[in-house]
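Undergrad:
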Amino acid sequence: MELKNQLIKKSDYLWELPPHVKKGMKVPAQVYASRKILEEIGGDKSLEQLTNVAMLPGITKASIVMPDVHEGYGFPIGGIAATSWPNGGISPGGIGYDINCGVRLLTSKLTKNDLKGRGEELAKALFSRIPSGVGKGGNIPLSEKELDKVLTHGVQWALKNGYALEEDIDKIESWGRLDNADPGCVSEYAKNRGIDQLGTIGSGNHFVEVSYVDKVFDHEVARIFGLKEGQLTVLIHTGSRGLGHQVASDYMKVMIASMGKYGISVQDRELACVPFNSPEGQDYFRAMAAAANYAWCNRQVITWEIRNAWKDFFKGKDTRLDVLYDVAHNIAKVEDHIVDGKKKKLIVHRKGSTRSFGPGHPEVTDCYKDTGQPVIIPGSMGTASYVMAGTEHAMEESFGSTCHGAGRRMSCRAAQKAVNIHELEKELAERNIFVRAGSRSGVSEEAPIAYKDIDEVIEVVHQAGIAKKVARLRPLSVIKG
DNA sequence: ATGTGC
Numbered sequence: 026m027e028l029k030n031q032l033i034k035k036s037d038y039l040w041e042l043p044p045h046v047k048k049g050m051k052v053p054a055q056v057y058a059s060r061k062i063l064e065e066i067g068g069d070k071s072l073e074q075l076t077n078v079a080m081l082p083g084i085t086k087a088s089i090v091m092p093d094v095h096e097g098y099g100f101p102i103g104g105i106a107a108t109s110w111p112n113g114g115i116s117p118g119g120i121g122y123d124i125n126c127g128v129r130l131l132t133s134k135l136t137k138n139d140l141k142g143r144g145e146e147l148a149k150a151l152f153s154r155i156p157s158g159v160g161k162g163g164n165i166p167l168s169e170k171e172l173d174k175v176l177t178h179g180v181q182w183a184l185k186n187g188y189a190l191e192e193d194i195d196k197i198e199s200w201g202r203l204d205n206a207d208p209g210c211v212s213e214y215a216k217n218r219g220i221d222q223l224g225t226i227g228s229g230n231h232f233v234e235v236s237y238v239d240k241v242f243d244h245e246v247a248r249i250f251g252l253k254e255g256q257l258t259v260l261i262h263t264g265s266r267g268l269g270h271q272v273a274s275d276y277m278k279v280m281i282a283s284m285g286k287y288g289i290s291v292q293d294r295e296l297a298c299v300p301f302n303s304p305e306g307q308d309y310f311r312a313m314a315a316a317a318n319y320a321w322c323n324r325q326v327i328t329w330e331i332r333n334a335w336k337d338f339f340k341g342k343d344t345r346l347d348v349l350y351d352v353a354h355n356i357a358k359v360e361d362h363i364v365d366g367k368k369k370k371l372i373v374h375r376k377g378s379t380r381s382f383g384p385g386h387p388e389v390t391d392c393y394k395d396t397g398q399p400v401i402i403p404g405s406m407g408t409a410s411y412v413m414a415g416t417e418h419a420m421e422e423s424f425g426s427t428c429h430g431a432g433r434r435m436s437c438r439a440a441q442k443a444v445n446i447h448e449l450e451k452e453l454a455e456r457n458i459f460v461r462a463g464s465r466s467g468v469s470e471e472a473p474i475a476y477k478d479i480d481e482v483i484e485v486v487h488q489a490g491i492a493k494k495v496a497r498l499r500p501l502s503v504i505k506g
């Protein structure tokens with residue numbers, strides 16, 4: 026029987042495959058979805074991948090996917106796998122190729138009216154300042170020694186070198202720095218790919234988008250987040266570029282070659298893992314942390330580029346841009362969670378899943394201690410994005426995690442075939458959305474029809490209580506690779 | 001995602 030037909034309803038928004046549906050599953054496989062979202066799930070390998078993850082060494086409580094789930098390398102994208110510390114598995118496939126891919130939202134002092142009729146001009150101005158595209162280098166020349174400092178110190182490096190404001194640091198997940206990072210675990214090849222890419226967007230679904238607050242759902246939380254209807258905001262979506270990609274590739278090979286000696290066999294080579302506390306596991310974790318630090322620095326340098334462009338573009342106005350928050354959605358972290366009533370240290374893999382820590386959590390910065398952390402969910406190109414807040418319920422149910430975006434429903438190839446680029450551009454322009462991109466084929470791959478309905482995805486996680494809606498953003502000017 | 005893969 027097809028896996029999808031064996032899903033058991035736990036609630037209106039949570040479904041489960043019990044461990045007996047497939048030999049080798051150690052824990053249940055859970056899917057956060059509405060009936061509508063469920064209709065679009067399972068046309069790819071994502072459910073099979075979800076059950077494979079439930080077989081991982083040390084997997085705890087459940088293998089979980091969010092409503093934005095789709096097929097990925099080994100592990101589904103939109104998933105969480107928590108393994109027991111210190112000897113549960115760590116797997117590069119559970120984090121993904123783009124280590125610390127994530128989003129940052131900047132809030133402005135300006136409104137939609139300040140931009141009136143100049144959306145296209147702003148897209149051009151930002152496009153000329155922020156390098157984008159596959160393999161594209163940037164404007165920040167680094168020596169090998171400086172790159173090692175970026176990898177070790179993360180956003181602290183940016184602060185020291187004039188790319189960050191002191192107050193930015195507090196508004197970044199993990200304060201923009203994982204302290205177990207070790208550049209010595211990152212290959213020379215990976216460093217070469219990253220040495221000239223700091224401050225660049227890349228391609229694929231990465232973008233910089235000027236948007237405005239279209240609707241506030243929770244006025245009290247929005248006030249603390251500094252969000253008001255009509256306000257202009259800037260959303261940055263990018264990761265660790267070629268450097269993180271190479272770290273992932275390097276260690277996937279290491280894991281495949283060495284898992285046998287730890288007696289680990291997996292359903293699919295793409296799930297290759299080793300014990301977290303093995304030498305290979307520790308080397309990967311240190312290299313992953315270094316790549317994560319690079320990604321936070323990358324979003325920080327892009328913030329600096331945007332602040333400069335903003336000052337020039339809106340001359341004579343209040344051009345201040347504050348960081349609301351910066352979240353990682355492809356990362357593994359060692360965290361404490363309550364499992365079966367007991368506190369447990371876990372290795373939490375989030376692959377296309379956003380941390381959603383609730384009020385009062387020690388890892389949430391003081392200014393958000395009453396609201397829970399800001400959770401920023403980008404929609405597909407031309408559709409809404411959401412600001413949400415983390416919840417206590419997420420801590421209890423989903424290892425403090427929620428969704429990360431709309432989630433693909435069409436492959437890039439299928440989207441290329443289905444989308445007429447001229448019509449798409451016309452449609453967006455009619456809605457006053459201006460896209461400036463280096464590659465037209467890249468734009469068709471990111472067309473809204475290639476993605477699920479973001480409003481439905483958000484409704485699922487809101488109703489399930491693993492993040493709550495604060496505000497909705499609508500795009501105006503989009504910069505892509 | 002990616003100095004893209006069919």
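Counting in the numbering used here, the first sequence runs from 26 upward without gaps.
The beta-carbon is built from N, C-alpha and C at its ideal position, and this holds for glycine as well.
Please read all numbers here as calculations on a predicted model, not as lab measurements.
1) With DSSP run on the structure shown, which of helix, strand or coil describes Thr328?
2) Under a three-way DSSP split, which group does Trp40 fall into?
3) Based on Cα-Cα distance, which residue from Gly49, Val460 and Gly104 lies nearest to Met80?
4) Below 8 Å CB to CB, which residues in the same chain sit around Val326 once its five sequence neighbours on both sides are set aside?
5) Per DSSP, which one or two residues make a beta bridge with Gly127?
6) Counting pairs of Cβ atoms below 8 Å between the stretch 131–142 and the stretch 255–272, do you hit three or more?
7) Is it the case that the CB of Leu190 approaches a heavy atom of the ligand MN more closely than 7 Å?
8) Use the C-beta contact count for Arg294: other C-beta atoms within 10 angstroms, 16 or more gives buried, fewer gives exposed.
9) Considering Phe339, what are the terminal residues of the alpha helix (DSSP H) in which it resides?
10) Is His354 closer than 8 Å to Cys126 when the C-beta atoms are compared?
11) Looking only at its chain, what residues have a beta carbon closer than 7 Å to the beta carbon of Arg499, apart from the 5 residues adjacent to it on each side?
12) Using DSSP with H/G/I as helix, E/B as strand and the rest coil, what is Ala58?
13) Let me know the secondary structure DSSP gives Thr550 once reduced to three states.
14) Tell me the rounded alpha-carbon separation between Met277 and Arg332.
15) In whole angstroms, what is the alpha-carbon distance linking Asn112 and Lys370?
16) Flag this pair as yes or no: are the beta carbons of Gln398 and Arg375 separated by less than 8 Å?
17) With C-beta atoms as the reference, is Arg438 less than 8 Å away from Lys477?
18) Going by Cα to Cα distance, which pick from Asp93, Glu65, Lys61 and Glu145 is closest to Glu450?
19) Using only CA atoms, which one of Tyr57, Gly463 and Ser283 lies nearest to Glu305?
20) Take Leu167 and list the residues in its own chain whose beta-carbon comes closer than 6 Å to its own, dropping the five residues that flank it on each side.
21) With distances taken from CA atoms, which of Val482, Val485 and Trp200 is nearest Pro387?
22) Only counting runs of 4 or more residues, tell me where the alpha helix (DSSP H) segments fall wholly within the stretch 121–178, in order along the chain.
23) Inspect the CB distances between the stretch 50–58 and the stretch 79–98 and report whether three or more fall short of 8 Å.
24) Quick one: which unbroken alpha helix (DSSP H) runs of 4-plus residues sit fully inside the stretch 384–417? Chain order, please.
25) Could you tell me the alpha carbon to alpha carbon distance between Gly121 and Ile356, rounded to whole angstroms?
26) Classify Asp239 as helix, strand or coil using the three-state DSSP reduction.
27) Could you please give the first and the last residue of the uninterrupted alpha helix (DSSP H) stretch that includes Ser469?
28) In three-state DSSP terms, what is Arg499?
29) Report the option in Ile491, Ala431 and Ala443 whose CA atom is closest to the CA atom of Glu65.
30) In this structure, how does DSSP classify Val460 when only helix, strand and coil are distinguished?
31) On a CA-only basis, which of Leu151, His429 and Ser423 is nearest Ala489? Give me that one, please.
32) Near Val52, what residues of its chain come up, given a Cβ to Cβ distance below 8 Å and the 5 sequence neighbours on each side ignored?
33) Can you tell me whether Arg465 is buried or exposed? The criterion is at least 16 other CB atoms within 10 Å of its CB, across all chains shown.
34) Do Ile124 and Ser378 have their CB atoms nearer than 8 Å?
35) Looking at the unbroken alpha helix (DSSP H) that takes in Ser71, where does it start and where does it end?
36) What whole-angstrom Cβ distance do Phe100 and Val503 have, given they're in contact under 8 Å?
TA: According to the structure data:
1) When DSSP states are grouped into helix, strand and coil, Thr328 belongs to the helix group.
2) In the three-state reduction of the DSSP assignment, Trp40 falls in the strand class, which pools E and B.
3) It is Gly49.
4) Gly163, Ile165, Ala183, Tyr188, Leu223 and Gly224, listed in sequence order.
5) BP columns for Gly127 point to Thr263 and Ala353.
6) Touching, per the Cβ criterion.
7) No copy of the ligand MN occurs in the structure displayed, which carries no ligand at all.
8) Looking at its Cβ environment, which holds fewer than 16 other Cβ atoms inside 10 Å, Arg294 is exposed.
9) That residue, Phe339, is in no alpha helix (DSSP H); it is neither H nor E in DSSP.
10) In this structure, His354 lies closer than 8 Å to Cys126 by Cβ.
11) Taking C-beta separations shorter than 7 Å and ignoring five residues to either side along the sequence, the partners of Arg499 in its chain run Ser236, Tyr237, Asp239 and Ala409, following chain order.
12) Three-state result, Ala58: coil.
13) Residue 550 cannot be examined here, being either before or after the span of the chain that is shown, 26 to 506.
14) The alpha-carbon atoms of Met277 and Arg332 are separated by roughly 37 Å.
15) It is roughly 11 Å from the alpha-carbon of Asn112 to the alpha-carbon of Lys370.
16) No, the pair does not count as a contact, with Cβ atoms beyond the cut-off.
17) Taking 8 Å as the cut-off, the Cβ atoms of Arg438 and Lys477 do not count as close.
18) Ranked by Cα distance from Glu450, the first of Asp93, Glu65, Lys61 and Glu145 is Glu145.
19) Nearest of Tyr57, Gly463 and Ser283 to Glu305, Cα basis: Ser283.
20) The beta carbon of Leu167 sits closer than 6 Å to those of Ile220, all from its chain and outside the five residues before and after it, given in chain order.
21) Nearest to Pro387 by C-alpha distance, out of Val482, Val485 and Trp200, is Trp200.
22) The qualifying runs are 137–140, 144–154 and 169–178.
23) By the C-beta criterion, the stretch 50–58 is judged to be in contact with the stretch 79–98, since at least 3 inter-stretch pairs fall below 8 Å.
24) At a cut-off of 4 residues, not a single continuous stretch assigned as alpha helix (DSSP H) sits fully inside the stretch 384–417.
25) In a straight line, the C-alpha of Gly121 is about 8 Å away from that of Ile356.
26) If DSSP states are grouped into helix, strand and coil, Asp239 belongs with the strands.
27) In the DSSP assignment, Ser469 falls within the unbroken alpha helix (DSSP H) covering Arg465 to Glu470.
28) If DSSP states are grouped into helix, strand and coil, Arg499 belongs with the strands.
29) Out of Ile491, Ala431 and Ala443, Ala431 has the C-alpha closest to the C-alpha of Glu65.
30) In the three-state reduction of the DSSP assignment, Val460 falls in the strand class, which pools E and B.
31) Checking every option, the nearest Cα to that of Ala489 belongs to Ser423.
32) The residues are Pro44, Ala79, Ile84, Thr85, Lys86, Ala87 and Ser88.
33) By the 10 Å Cβ count, Arg465 comes out exposed.
34) Contact: no.
35) For Ser71, the uninterrupted alpha helix (DSSP H) run begins and ends at Ser71 to Val78, by DSSP.
36) Contact annotation, Phe100 with Val503: C-beta distance approximately 29 Å; criterion of less than 8 Å not satisfied.
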